[in-house]
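Protein chains in written order, with my numbering: chain A, 1 to 146; chain B, 1 to 146.
Here the structure is laid out as structure tokens; the discussion comes afterwards.
Number of protein chains: 2
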Amino acid sequence: MVRIMATGVFDILHPGHLHFLRESKKLGDELVVIVARDSVAEKMKRKPFIPENIRLSMVSALKPVDMAILGLEGNIYDILNLVKPDIVALGYDQEFDETKIIEEAKKRGITLKVVRISKYSDSEFNGTRKIIKMLKEKEIDQSSGH
Amino acid sequence: MVRIMATGVFDILHPGHLHFLRESKKLGDELVVIVARDSVAEKMKRKPFIPENIRLSMVSALKPVDMAILGLEGNIYDILNLVKPDIVALGYDQEFDETKIIEEAKKRGITLKVVRISKYSDSEFNGTRKIIKMLKEKEIDQSSGH
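This is the structure we're talking about:
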């Protein structure tokens, strides 16, 4: 059984997330998704719009996802002890160093591969920031139009 | 095999949608979801923020959903001819008249039940409008806070 681990904030679900999760799942048998804690997301990127428990329940409901859990608050690599993945799937824009992940896994007695998933570019709906921007523009259109 | 049909706009997916779809699925074996066309949603409610093809792909990716298809543009009851459901599941706030659905089905030679799904109220994230409002407020917080 090949277990894949993918991580992310998954703030407002969009087709880019689906692409990432589907492609990740194809790498093996079981996809475990780590949904970043609000506190961690805020430190690494920005405060999520949607709180962690809601983000977790939405990700859990997606077909490619076998299990979704909230991340840890401390050392981001400690989740490897729990999940023990065979493969770590990274999104095209996730700023993780592949070598560092492999090293941190080795320290924990885990041998894994890191696979970078291609960008999904078939849509303008491939980023939470873009969606927010678009929603705001549309709302302006709608309030002036009706 | 009991086929359930549920319909909606599913503009920005939230836990209220998941609740509706999970409860609908529990009514039988196969859940077919009709995702409203942009043009129809605009007439009945408001113009969706997310275009129909993206809404369709997101709904299709949810675990309770066996099949999702775009609605028809004309008579909203004509979809019954295609889906031939045993049960039509209605959201707690969907403004359909149960008797009218049963009548329109009968005209088409279809006998069905209509079941009203309970409200999901365990979260503030149970409506697209609310989410948009909340996103705008949060964005203001974030831009002033950092």
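Beta carbons: idealized from backbone N, C-alpha and C, even for Gly.
These numbers come from a predicted model, not from an experiment.
Cβ pair residue 3 of chain A, residue 86 of chain A closer than 8 angstroms: yes
Neighbour flag for residue 61 of chain B against chain A, beta carbons, 8 angstroms: Residue contact with chain A for residue 61 of chain B: present (Cβ-Cβ distance below 8 angstroms to some residue of chain A).
Cross-chain neighbours of residue 31 of chain B in chain A, by beta carbon under 9 angstroms: What residue 31 of chain B touches in chain A: nothing, since even the nearest Cβ is about 13 angstroms away.
contact_flag[the stretch 62-77 of chain B, the stretch 24-33 of chain B] where n(CB pairs < 8 angstroms) is 3 or more: yes
In DSSP terms, what residue 32 of chain B is bridged to: Listed as beta-bridge partners of residue 32 of chain B by DSSP are B:5 and B:67.
Straight-line Cα distance separating residue 17 of chain A from residue 9 of chain A: 10 angstroms
Per-residue burial, residue 99 of chain B [other beta carbons within 10 Å of its own, 16 or more giving buried]: That one is exposed.
Members of the stretch 55-82 of chain A near chain B, C-beta cut-off 7 angstroms: Listed by position along the chain: 57, 58, 61, 62 and 63.
Residues, ordered as in the chain, of the stretch 104-115 of chain A that lie near chain B by beta-carbon distance below 9 angstroms: none
Residue 24 of chain A burial status per 10 Å Cβ neighbour count (16 or more: buried): buried
Alpha carbon of residue 92 of chain B to alpha carbon of residue 39 of chain A, nearest angstrom: 35 angstroms
Beta carbon proximity, residue 148 of chain B to chain A, threshold 8 angstroms: There is no way to answer for residue 148 of chain B, as the model of chain B reaches only from 1 to 146.
Inter-residue spacing [alpha-carbon to alpha-carbon] between residue 111 of chain B and residue 41 of chain A: So the alpha carbons of these two residues sit roughly 51 angstroms apart.
Of the listed residues A:19, A:43, A:119 and A:44, nearest to residue 63 of chain A (C-alpha basis): A:19
Cutoff 8 angstroms: residue 4 of chain A Cβ touching any chain B Cβ: no
Residue 1 of chain A burial status per 10 Å Cβ neighbour count (16 or more: buried): exposed
Within-8 angstroms CB hit, residue 15 of chain B to chain A: Yes, its Cβ sits closer than 8 angstroms to a Cβ of chain A.
Counterpart residues of residue 113 of chain B in DSSP-defined beta bridges: Under DSSP, residue 113 of chain B forms a beta bridge with B:87.
Near the ligand GDP: residue 14 of chain A beta-carbon under 7 angstroms from a heavy atom: In the structure shown, the ligand GDP is absent, as is every other ligand, since no ligand is present at all.
Residue 102 of chain B versus residue 12 of chain B - alpha carbon distance: 29 angstroms
7 angstroms Cβ cut-off: residues of chain A touching residue 12 of chain B: Neighbours of residue 12 of chain B on chain A, chain order: 12.
Where residue 62 of chain B falls: helix, strand or coil (DSSP): strand
Alpha carbon of residue 78 of chain B to alpha carbon of residue 72 of chain B, nearest angstrom: 8 angstroms
Three-state class that DSSP yields for residue 118 of chain A in the structure shown: coil
Exposure of residue 52 of chain B, with buried meaning 16 or more beta-carbon neighbours within 10 Å: buried
For residue 15 of chain B, the first and last residue of its enclosing alpha helix (DSSP H): First-last of the alpha helix (DSSP H) with residue 15 of chain B: 15-25.
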